[in-house]
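Numbering (our numbering), first residue to last: 4 to 320.
Here is the structure we will look at.
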Amino acid sequence: MTIANPIYDSVFKFLMEDERVARTILSALLKKDIVKVEVRPHEYSNSQRDTLSMFRIDFAATVREDDGHEHLILIEVQKTWLETETLRFRQYLGVQYQRKENIISSSKEGYAMPMVAVYILGHKVGDIEEPVLYVHHDAYDYNDQRVTKGLPNPFIDSLTHDSIIVQIPRLHGQVNNRLDKVLSVFDQTQHLSDTEHFLNIDDSRYQGDEDMQPILHRLLMAAADADMRQDMNVEDEYYSIIEKRDTEIMLNAKKIAKQNAQLKEQNAQLKEQDAQLKEQKAQLKSMAKILTEAGLSADDIAMKMGLDADKVKELLA
Numbered sequence: 004m005t006i007a008n009p010i011y012d013s014v015f016k017f018l019m020e021d022e023r024v025a026r027t028i029l030s031a032l033l034k035k036d037i038v039k040v041e042v043r044p045h046e047y048s049n050s051q052r053d054t055l056s057m058f059r060i061d062f063a064a065t066v067r068e069d070d071g072h073e074h075l076i077l078i079e080v081q082k083t084w085l086e087t088e089t090l091r092f093r094q095y096l097g098v099q100y101q102r103k104e105n106i107i108s109s110s111k112e113g114y115a116m117p118m119v120a121v122y123i124l125g126h127k128v129g130d131i132e133e134p135v136l137y138v139h140h141d142a143y144d145y146n147d148q149r150v151t152k153g154l155p156n157p158f159i160d161s162l163t164h165d166s167i168i169v170q171i172p173r174l175h176g177q178v179n180n181r182l183d184k185v186l187s188v189f190d191q192t193q194h195l196s197d198t199e200h201f202l203n204i205d206d207s208r209y210q211g212d213e214d215m216q217p218i219l220h221r222l223l224m225a226a227a228d229a230d231m232r233q234d235m236n237v238e239d240e241y242y243s244i245i246e247k248r249d250t251e252i253m254l255n256a257k258k259i260a261k262q263n264a265q266l267k268e269q270n271a272q273l274k275e276q277d278a279q280l281k282e283q284k285a286q287l288k289s290m291a292k293i294l295t296e297a298g299l300s301a302d303d304i305a306m307k308m309g310l311d312a313d314k315v316k317e318l319l320a
């Protein structure tokens, strides 16, 4: 089966706009029973195509815990191809902490909605080999003992958030659990030999899975849509420009670093030469003084030291 590649912003947006598909993917990522998801009114995407190279979309999700208790959380999904987006990730999270829409309406104290940040990366994070990384924030006392009494707490949850990091290049087709199966449609080793717009997947792996069928159907629809294919072409051109820009910046940075190193070396050499000149002048001055004290005239000193008389007078001044 040939499907559209969901690493593209246009395809990913189209995929996640389907409420059932969003529930399936987010439930697998969070390992929680998400009974309802709703795209937040303000969506962040690359509609302007300026210096941004990141796709963002927010969900309000109703989570049902094992004891049947349901509560609302905010899920921030951010997807990027490039490795230069860490600062923008932080800036975006800062905005979310300030938004009034993220305050729990039933909270008189103005507590913010608990938040989970999901980062879907088109690049690897250092030497971390796990394709999916869960970063949790626990509470500890002074003796490094984990604190559990009274937690979770809305005050604590308002100030900290958990993160899920997905490294798409680390997905290699192994299906060991539910999340592996869901993320298998992002596996870039399956793209066609002549284009990255489409993935060639083995649909027999998903037979009988009622939750995966809507995902496959959605990606099949995207693959058949002419506008979607054009959007992917635009993204290719855009990221090609971004990569060219980043390459030029990297080369210029290396060139500047080399020039700075050369200037630093030249400055060191000049300082060394200056120190040598000062030392030579001090030696000449000392010698001229000794000869003066011996009763020699400036002209005689100049003749003995191989200097002109004016220079000797300057040393003796």
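Here a beta-carbon is modelled for each residue, glycine too, at the ideal position from N, C-alpha and C.
Small disclaimer: the values here were computed from a predicted structure and weren't measured.
An exposed status is given to Asn-146, since fewer than 16 other beta-carbon atoms sit within 10 Å of its beta-carbon.
In the DSSP assignment, Gln-272 falls within the unbroken alpha helix (DSSP H) covering 229-296.
The C-alpha of Glu-41 is placed about 7 Å away from the C-alpha of Glu-22.
Check the Cα spacing between Thr-83 and each of Ala-285, Val-169 and Glu-73: the tightest is with Val-169. CA-CA distance, Ala-64 to Ile-10, rounds to 23 Å.
In this structure, DSSP gives Met-4 a state outside helix and strand, which the three-state scheme calls coil. From the listed residues Lys-16, Thr-5, Ala-25 and Thr-163, the smallest Cα separation to Pro-217 is found for Ala-25.
With a cut-off of 8 Å on Cβ pairs, the region 187-194 is in contact with the region 203-220, counting three or more such pairs.
Comparing alpha carbon positions, the residue from Asp-130, Asp-228, Met-306 and Leu-174 closest to Phe-17 is Asp-228.
When the Cα atoms are used, Ala-225 and Glu-199 turn out to be separated by approximately 14 Å.
In the three-state scheme derived from DSSP, where H, G and I count as helix and E and B as strand, Arg-173 is classed as helix. Three or more beta-carbon pairs drawn from the region 113-127 and the region 159-174 are found closer than 8 Å, and the two stretches are therefore classed as touching. Listed as beta-bridge partners of Val-138 by DSSP are Ser-166.
In this chain, the beta strand (DSSP E) harbouring Asp-36 covers 36-42.
Pairwise C-beta distances place the region 165-185 in contact with the region 131-146, as three or more of them are shorter than 8 Å. Cα atoms of Asn-263 and Ser-243: separation of roughly 30 Å, rounded to the nearest angstrom. At a Cβ-Cβ threshold of 8 Å, Met-306 and Met-290 do not count as neighbours.
The beta-carbon separation of Leu-154 and Ala-142, rounded to 6 Å, stays under the 8 Å limit for a contact. Going by DSSP, Met-118 is part of the beta strand (DSSP E) stretching over 118-124. Note: Leu-75 is bridge-paired with Thr-65 in the DSSP secondary-structure output. Sequence-distant partners of Asp-36 (beyond 5 residues in either direction) whose C-beta falls short of 6 Å from its own C-beta, in its chain, are Arg-67. Rounded to the nearest whole angstrom, the C-alpha separation of Asn-179 and Leu-266 is 56 Å. Taking a C-beta distance under 8 Å as the contact criterion, Val-80 and Ile-60 qualify as a contact pair. Per DSSP, reduced to three states, the secondary structure at Ile-10 is coil, with no helix or strand assignment. At a Cβ-Cβ threshold of 8 Å, Ala-31 and Val-185 count as neighbours. For Leu-202, the enclosing beta strand (DSSP E) begins and ends at 201-203. The criterion of a C-beta distance shorter than 8 Å is satisfied by Phe-62 and Ile-78. Residue burial is scored here from C-beta neighbours: Met-231 has at least 16 other C-beta atoms within 10 angstroms and is therefore classed as buried.
Shown here for Leu-182: same chain residues with a beta carbon closer than 8 Å to its own, the five before and five after excluded, namely Ala-31, Leu-32, Lys-34 and Val-135 in chain order. The three-state secondary structure of Tyr-143, taken from DSSP, is strand.
Around the beta carbon of Leu-318, 16 or more other beta carbons sit within 10 angstroms, so the residue counts as buried.
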